[in-house]
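Residue numbers (this note's numbering): 3 to 167.
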Amino acid sequence: MLSTLEWSPDLSLDLPVMDDTHREFVDLLAAVEQTSDAQLMTAWRELIAHTDTHFAREDRWMRDTRFATSNCHSMQHATVMQVIREGERLDRSDIIRQMARELALWFPEHAKNMDAALAQHLKTVGYDVDSGNVALPESLPASVIQGCGSAACTPSTEAPETSSA
3 MLSTLEWSPD LSLDLPVMDD THREFVDLLA AVEQTSDAQL MTAWRELIAH TDTHFAREDR
63 WMRDTRFATS NCHSMQHATV MQVIREGERL DRSDIIRQMA RELALWFPEH AKNMDAALAQ
123 HLKTVGYDVD SGNVALPESL PASVIQGCGS AACTPSTEAP ETSSA
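Laid out in structure tokens, this is it:
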């Protein structure tokens, strides 16, 4: 049986550590989809452990570079972790297999939108993912980025313009 999600260059964000982590996620998700029911919980728990570390690292990068953890990117991480842990608690192969299919649909969009924006932000500020150092601190946003990190979904803190007619 083929996985519903396979690694492809379309998922690459040109940030090696993020790409490697995403490739591992795709491989672990494929293992869940392709394993027998007898091995399903082992594969699912491996996916949970990887995803927890994966999301925690991205959340730390966001905190380090003023991409607030209250933004919708981190909120998606928290929601996904809650759902996949619920799959472990339920321990039902039919539900876990459905969750795996849903993750395979969700992940490419998350990577292409949320993670791509984070990767670009990290490059812009010269963030070293290993040391946590910011090479270009002058490129950090003046205040913490809220919303999803784009002007379109970040609430304005400025007073609305008024007409003086």
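By construction, the Cβ of each residue, glycine as well, lies at the ideal position given by its N, Cα and C atoms. The structure displayed is predicted, hence computed values, not measured ones.
Within 8 Å, strictly: CB atoms of residue i and residue j
i	j	result
Ala121	Asp130	no
Ala32	Ser76	no
Thr23	His56	yes
Trp46	Glu90	yes
Leu30	Ala113	no
Val127	Met101	no
Glu35	His52	no
First through last residue of the alpha helix (DSSP H) which encompasses residue i
i	result
Pro139	Run containing Pro139: none; DSSP gives neither H nor E here.
Val26	Inspection of the sequence shows that residue 26 is occupied by Glu rather than by Val. 18 to 36 is the span of the alpha helix (DSSP H), which, as asked, contains Glu26.
Ala118	118 to 126
Given residue i as reference, the closest of the options once Cα atoms are compared
i	options	result
Glu48	Met83, Asn135, Met64, Asp117	Met83
Ser95	Thr55, Phe57, Gln41	Gln41
Arg62	Pro139, Ala144, Ser145, Asp132	Asp132
Arg103	Val28, Met20, Leu13	Val28
Cys74	Pro139, Met116, Ser38, Ser145	Met116
Asp12	His123, Phe109, Gly134, Pro139	Phe109
Trp9	Gly134, Asp54, Leu107	Leu107
Asp39	Ile97, Asp66, Ser145, Leu105	Ile97
Leu105	Gln78, Ala119, Ala118	Gln78
Thr37	Arg99, Ala118, Ala144	Arg99
Asn135	Met64, Ser145, Ala119	Met64
Ile147	His123, Ala58, Pro139	His123
Ser145	Asp66, Ile50, Arg59	Asp66
Rounded Cβ spacing between residue i and residue j (contact assumed at less than 8 Å)
i	j	result
Leu142	Arg87	So it is not a contact: roughly 33 Å between Cβ atoms.
Lys125	Leu17	7 Å
Asp93	Met43	6 Å
task = List in chain order: all unbroken alpha helix (DSSP H) runs of 4+ residues lying wholly within the region 63 to 102.
result = 74 to 92
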